[in-house]
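Notes follow once the structure below has been shown.
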Amino acid sequence: MTLNLRRPVLIGGIGLSAALWLLESLQHSGSEMGETALIGLVAASAGYWWWQRQSPKLELALPQPLASREAAERAIATSEAAINLLASEAQNSPDPAHLKAQLDRLTAELDRQDLRISITGGKAVGKTALIQVLNSNWTSQHSQKLNFQETAPLFINTTNADAKISDDLVLFVTAGDITDSEFKTLSQLASAGQRLLLVWNKQDQYLPTQQSQILNSLQQRMQGILGTEDIIAIAASPNSIKVRQHQPDGTFQERMENQVSQIQPLTARLTEILTQESQQLIWAHTVRSAATVKLEAKTLLNGVRGDRAFPIIEQYQYIAAAAVFANPVPALDLLATTAISTQLVIDLGAIYQQKFSLDQAKAVAATLASQMFKLGLVELSTQTITGLLKTNAVTFVAGGAVQGISAAYFTRIAGLSLIEYFQSRELENTVNGSLNIDQLTKTLQAVFKQNQQISFLQSFINQIASSLSPQTSIR
Ligand SMILES: Nc1nc2c(ncn2[C@@H]2O[C@H](COP(=O)(O)OP(=O)(O)O)[C@@H](O)[C@H]2O)c(=O)[nH]1
Ligand SMILES: [Mg+2]
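Add 2 to a position in the sequence shown, counting from 1, and you land on the number used in our numbering.
Spelled out as structure tokens, the structure:
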């Protein structure tokens, strides 16, 4: 297949007006077409649901919070803007008010004095023991009110390991050298800007020479993530030891002696941090919490926008199929050069508040087509579609069917890629008309991979082919 991107926008006699006429007739045509479209929609949304489940979650790169009151206020304001956007696009939804209430609480708590400290870690590492000894020996001596809170044990099941832990300060407790999952969680917390201490508990289980070795290896492992001063060895509740008392007559008595807890290095470090950083800890926590609220608003917004965008992709799939079927041209040319794909870019862009001029949209459509070609997606899917059409009982197969179905398929891939790309952008980022080609290409590849399954293609083919069949033909 040759690809000539310099061809005029209108090919095969199908211009924008014809495309729009097709769109109209699709919308107003008889019940049969309506049904097909509906089934297609259900199939497509099922496909999308599957695709969303499969695609890896985008890492949320939080900016390292500059712990100042201004930064906290700015974070709240940005989050509020996202909520307002959601409120304007998701009318009648209770979500914006719910999120706004969370923000109001953050604002009200900006000047709170008491600190919240989470104690987290795996099961039976000594979290409860540590809170008990802190509360009974130390918390009351400290002038500031401190709330220690134990999280559910981590690493019990796999989903739990990603549990979101966020507090002013986190004490991550381990009972020896850290495991890979502990390391992963620690790194994630640190990269999310969470202030944290690594507390190695139960050091009494080791000989003094081993103790310094373990502490050393912890410090090595955490290099670049945590400073050595924030890695602390303690024994919250050491085992009692057997004591032998020798009597003057040569006999001896044995008794168990309770050992006192050794948490002094930890309380010393805590005192230091709380004296120097208290206020910043609260502001930094506000920044992270506001970012979480914003992300929630964005996710909801993407859901609302997706609900509007998917039916549009559906429509353009049928338009593309019908257009090519009526005037057979290579399917990719349709995507690269017609008003149909240009209009798709403009329509999807409008939903995601990305404004494209006609020329910009044309360029985006052409880019999508040329990237599909370069990535070999065109070759691959044309072969698959041809093969499936040959071997399966599609009732109506005529010349142009492969092109028609391919055109619908490319339209779908292009549309889904655009949605995914727009969704991954920052809400504030409405620099219009310009696209990051690299990122778009990566998205394209991922979307193609998710929509390549034979079972999906099979039902897609059936759906498009039946829309092209004579009974429902729009010609
Ligand atoms: N040897 C020793 N055992 C400890 C220490 N701290 C806690 N333990 C014991 O470890 C077990 C689990 O402690 P717990 O506080 O319930 O752990 P959690 O599941 O993390 O809350 C208990 O039997 C504690 O007595 C310590 O410093 N040394
Ligand atoms: Mg416990």
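Glycine included, each C-beta is placed from N, C-alpha and C at the ideal position.
| Check | Outcome |
| --- | --- |
| Does ligand 1 have even one heavy atom less than 8 Å from the beta-carbon of Thr130? | yes |
| Report the three-state DSSP secondary structure of Phe462 (helix, strand or coil). | helix |
| May I ask you to report which of helix, strand or coil DSSP gives Met374? | helix |
| Tell me the rounded alpha-carbon separation between Glu316 and Asp309. | 12 Å |
| Rounding to the nearest angstrom, what Cα-Cα distance links Leu459 and Phe150 in this structure? | 54 Å |
| Count the C-beta pairs between the region 237 to 254 and the region 208 to 222 that are closer than 8 Å, then say yes if the count reaches three, no if not. | no |
| So, using beta-carbon positions, are Val366 and Val380 closer together than 9 Å? | no |
| Along the chain, where does the beta strand (DSSP E) that runs through Ala235 open and close? | 233 to 235 |
| Between which two residues does the beta strand (DSSP E) holding Gln247 run? | 243 to 248 |
| Determine the DSSP secondary structure at Gln196, reduced to helix, strand or coil. | coil |
| Count the other CB atoms, across all protein chains shown, that sit within 10 Å of the CB of Pro332; report buried if there are 16 or more and exposed otherwise. | buried |
| Under 9 Å, do Leu112 and Leu101 count as touching if we go by C-beta distance? | no |
| On the DSSP bridge list, what partners appear for Trp202? | Thr176, Ala235 |
| Express the C-alpha separation of Ala341 and Ala194 in angstroms, rounding to a whole number. | 44 Å |
| Look up Phe157 in the DSSP assignment and say whether it is helix, strand or coil. | coil |
| Please name the residue, chosen from Leu302, Arg197, Ser419, that lies closest to Thr369 on a Cα-to-Cα basis. | Ser419 |
| My parser needs the beta strand (DSSP E) runs of 3 or more residues fully inside the region 72 to 135; what are they? | 117 to 123 |
| Considering Cα atoms alone, identify which of Phe174, Trp285, Ser242 is closest to Asn203. | Phe174 |
| Given 8 Å as the limit, tell me if Pro96 has its C-beta closer than that to any heavy atom belonging to ligand 1. | no |
| Do Ile2 and ligand 1 come close, with the Cβ less than 8 Å from some heavy atom? | For residue 2 there is no data in the structure shown, the boundaries of the chain being 3 and 477. |
| Report back the beta-carbon spacing between Gly406 and Leu334 to the nearest angstrom; my notes put them in contact at under 8 Å. | With a Cβ gap of about 13 Å, Gly406 and Leu334 do not count as contacting. |
| Following the continuous beta strand (DSSP E) through Leu148, name the residue where it begins and the one where it ends. | 148 to 152 |
| Taking only heavy atoms of ligand 3 into account, decide whether any of them is closer than 8 Å to the Cβ of Glu316. | Ligands present in the displayed structure are limited to ligand 1 and ligand 2, and ligand 3 is not among them. |
| Relative to ligand 2, is the shortest distance from any of its heavy atoms to the C-beta of Glu152 smaller than 8 Å? | yes |
| State the Cα-Cα distance for the pair Asp116 and Leu437, rounded to the nearest angstrom. | 46 Å |
| Is Pro155 close to ligand 2? I mean its beta-carbon at under 8 Å from any heavy atom of the ligand. | yes |
| Helix, strand or coil, according to DSSP, for Phe254 in the structure here? | strand |
| Where DSSP assigns a beta bridge to Leu171, which residues make up the other side? | Ile119 |
| Around the C-beta of Glu274, are 16 or more other C-beta atoms found within 10 angstroms, so that it is buried, or is it exposed? | exposed |
| Could you tell me whether the Cβ atoms of Gln261 and Ile236 are closer together than 9 Å? | no |
| Please determine whether the Cβ atom of Val306 lies at a distance below 8 Å from any heavy atom of ligand 1. | no |
| When the Cα atoms are used, what is the spatial distance from Arg118 to Ile167? | 12 Å |
| If we count Cβ pairs, one from each stretch, closer than 8 Å, do we get three or more for the region 78 to 88 versus the region 290 to 298? | yes |
| Three-state secondary structure (DSSP) at Glu428? | coil |
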